Amino acid sequence: MKKFNYIAILKASLLLVPAYLLLQQFTGIHKVEKLKGGIKEEAVPVFTMENWFSEEFQNQYEKYNNQNFGFRSTAVRLANQLKYSCFGEFANAEVREYGKNLITTEYLDSYLGGNRTTISQIKERCGQLKNLAAYMEKQGKASLVIIAPDKTSYYQSEYNLPLESELDSTNYKNWLYYLNKYEIPFLDFRKAFLSIKQSSSVPLFSNQGIHWSTYGAQFALDSVSAYLNSYYGFNGPRMQVDSLIFSKNYDAVEFDIESSLNLMFPLPRQKLAYQANTFTTGKKPKLLMISDSFFFQLYTSGFANKLFDDPLFYYYHIRALKYSEIDYAEDPTASSLKEILKETDVVCLMAVDINLKDFPWAFGKRFEVEVLGDSIP
Numbered sequence: 000m001k002k003f004n005y006i007a008i009l010k011a012s013l014l015l016v017p018a019y020l021l022l023q024q025f026t027g028i029h030k031v032e033k034l035k036g037g038i039k040e041e042a043v044p045v046f047t048m049e050n051w052f053s054e055e056f057q058n059q060y061e062k063y064n065n066q067n068f069g070f071r072s073t074a075v076r077l078a079n080q081l082k083y084s085c086f087g088e089f090a091n092a093e094v095r096e097y098g099k100n101l102i103t104t105e106y107l108d109s110y111l112g113g114n115r116t117t118i119s120q121i122k123e124r125c126g127q128l129k130n131l132a133a134y135m136e137k138q139g140k141a142s143l144v145i146i147a148p149d150k151t152s153y154y155q156s157e158y159n160l161p162l163e164s165e166l167d168s169t170n171y172k173n174w175l176y177y178l179n180k181y182e183i184p185f186l187d188f189r190k191a192f193l194s195i196k197q198s199s200s201v202p203l204f205s206n207q208g209i210h211w212s213t214y215g216a217q218f219a220l221d222s223v224s225a226y227l228n229s230y231y232g233f234n235g236p237r238m239q240v241d242s243l244i245f246s247k248n249y250d251a252v253e254f255d256i257e258s259s260l261n262l263m264f265p266l267p268r269q270k271l272a273y274q275a276n277t278f279t280t281g282k283k284p285k286l287l288m289i290s291d292s293f294f295f296q297l298y299t300s301g302f303a304n305k306l307f308d309d310p311l312f313y314y315y316h317i318r319a320l321k322y323s324e325i326d327y328a329e330d331p332t333a334s335s336l337k338e339i340l341k342e343t344d345v346v347c348l349m350a351v352d353i354n355l356k357d358f359p360w361a362f363g364k365r366f367e368v369e370v371l372g373d374s375i376p
């Protein structure tokens, strides 16, 4: 009798498990965290008689169902965790681990000189940026190129990479050379971060992220404000650090590589510093920032708005974001650049090493066409 009961319970369980999976899939009765990273989501198939008889509906539904069955993300995380825990391998083949410090292969390749743009392209873009700097200076304003620090150069020895001086030709080296040759104002935070690496008691990069830490990003943008005040006569606010809080409760940008791994359990974390800060009074300059993702956290967190007046952010020069206007036109070319520059005090153009290949994303060309027109020097 007992044997019969056990078998009945087992059979019932085998029926209940797939039923519960279906219930979760169609009702979301138990919330599960979505997978992170560059995952293409399959669209819900549209039923038509034509799609049915051509089997397009069935094929698309199979793709959709395989990606959305109950607790799929949990199953994927578990599989990824077992692969990492048992074999030390990540499901994301682009990620490398050096003593719990994560980096992606594209950043390693860029540091070593891969992904290079041509010298002629750099010279052409520097000519455009020089014209932009001259135009802004004539208006009593400022234009500034910013090289963001990259994790690869910061942890060069930890990643067993050759010294920068041993490398032949890289985008970083070539851009530095021509920025100096064309006398374009710029700040090099890659060099600045390396210079304080040994003396700083605060991590400027986390082990689990690709971007600078929140502390490092805020330190850098405040330094930009200081530079503008000193060299261009602005009277913008400055950050004052009241205290430091050390925590393992990271901001999302500080573990973005780890998130892309979709593991079941978090990786070991070091404590990062977070500043409790106030700001001096002053007249905030109007900022137009053309940048890659290294400005995104500074923008969305509201920190940039503490130092600059309602900054306008051109994300890779393909998406426009205005801090005070949620409904601001997303296409940067939808607004007249000449009119925007009339309202702008400072134009900053920022990129990390891996994005120097396309920097500044045709903004210089757009400036010459829309603003200078026939008066290009």
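Position one of the sequence shown corresponds to residue 0 (numbering that gives the first Met the number 0), numbered consecutively onward.
Each residue gets a CB set at the ideal place from its N, CA and C atoms; glycine is no exception.
Keep in mind that this is a model prediction, so the values were computed, not measured.
Helix, strand or coil: which one does DSSP assign to residue i?
{"i": "N354", "result": "helix"}
{"i": "D326", "result": "coil"}
{"i": "W211", "result": "strand"}
{"i": "R268", "result": "coil"}
{"i": "T73", "result": "helix"}
{"i": "Q23", "result": "Note that Q23 scores 49 on pLDDT, short of 50, meaning its location in the model is unreliable; the coordinates nonetheless yield the value given after this. In the structure shown, Q23 sits in a helix (DSSP, three-state: H, G or I)."}
{"i": "N173", "result": "helix"}
{"i": "R365", "result": "helix"}
{"i": "D255", "result": "helix"}
{"i": "V223", "result": "helix"}
{"i": "E96", "result": "strand"}
{"i": "S205", "result": "coil"}
Is residue j closer than 9 angstroms to residue i when the C-beta atoms are compared?
{"i": "S194", "j": "P202", "result": "no"}
{"i": "G385", "j": "G301", "result": "Residue 385 lies beyond the stretch modelled for the chain, which goes from 0 to 376, so this question has no answer here."}
{"i": "V75", "j": "M349", "result": "no"}
{"i": "L286", "j": "P267", "result": "no"}
{"i": "Q217", "j": "I244", "result": "no"}
{"i": "N159", "j": "G112", "result": "no"}
{"i": "F278", "j": "K305", "result": "yes"}
{"i": "Y230", "j": "P184", "result": "yes"}
{"i": "D167", "j": "Y110", "result": "no"}
{"i": "Y327", "j": "D291", "result": "no"}
{"i": "D308", "j": "N276", "result": "no"}
Which residues in the same chain as residue i place their Cβ atom closer than 7 angstroms to its Cβ, once the five residues preceding and following it in sequence are excluded?
{"i": "A90", "result": "N79, K82, L260 and N261"}
{"i": "E367", "result": "Q127, N130 and I375"}
{"i": "M135", "result": "A141, S142 and V346"}
{"i": "F294", "result": "M288, F312 and M349"}
{"i": "D108", "result": "N114"}
Beta-carbon of residue i versus every beta-carbon of chain B: anything under 9 angstroms?
{"i": "S205", "result": "Within the model displayed, chain B is absent; a lone protein chain is all it includes."}
Here's a check: name, in chain order, each residue in its chain whose Cβ is nearer than 8 angstroms to the Cβ of residue i, leaving out the five neighbours to either side.
{"i": "E369", "result": "S335, L336 and K337"}
{"i": "I317", "result": "P331 and W360"}
{"i": "Y154", "result": "Y97, N100, I102 and F204"}
{"i": "K33", "result": "S72"}
{"i": "G87", "result": "E96"}
{"i": "K196", "result": "Y153 and L203"}
Assuming residue i and residue j form a contact by the criterion Cβ under 8 angstroms, report the distance between their Cβ atoms to the nearest whole angstrom.
{"i": "L186", "j": "Y226", "result": "6 angstroms"}
{"i": "I102", "j": "T151", "result": "6 angstroms"}
{"i": "E253", "j": "S205", "result": "4 angstroms"}
{"i": "D255", "j": "I209", "result": "6 angstroms"}
So, for residue i: in the same chain, excluding its five sequence neighbours on each side, which residues have a beta-carbon less than 6 angstroms away from its beta-carbon?
{"i": "Y233", "result": "Looking at the sequence provided, one finds Phe at residue 233 rather than Tyr. Contacts found: L227 and P284."}
{"i": "N173", "result": "I121"}
{"i": "A219", "result": "F188"}
{"i": "R95", "result": "I102"}
{"i": "Y181", "result": "C125 and K129"}
{"i": "F358", "result": "A350"}
{"i": "N354", "result": "D291"}
{"i": "E163", "result": "none"}
Is residue i near the ligand NAP, going by C-beta to nearest heavy atom under 8 angstroms?
{"i": "L131", "result": "Ligands are entirely absent from the displayed structure, and the ligand NAP is therefore not among its contents."}
Inside the region 120-162 only - alpha helix (DSSP H) runs reaching at least 4 residues: 150-153
4 or more residues per run - each alpha helix (DSSP H) lying fully within the region 283-349: 295-299, 302-306 and 336-341
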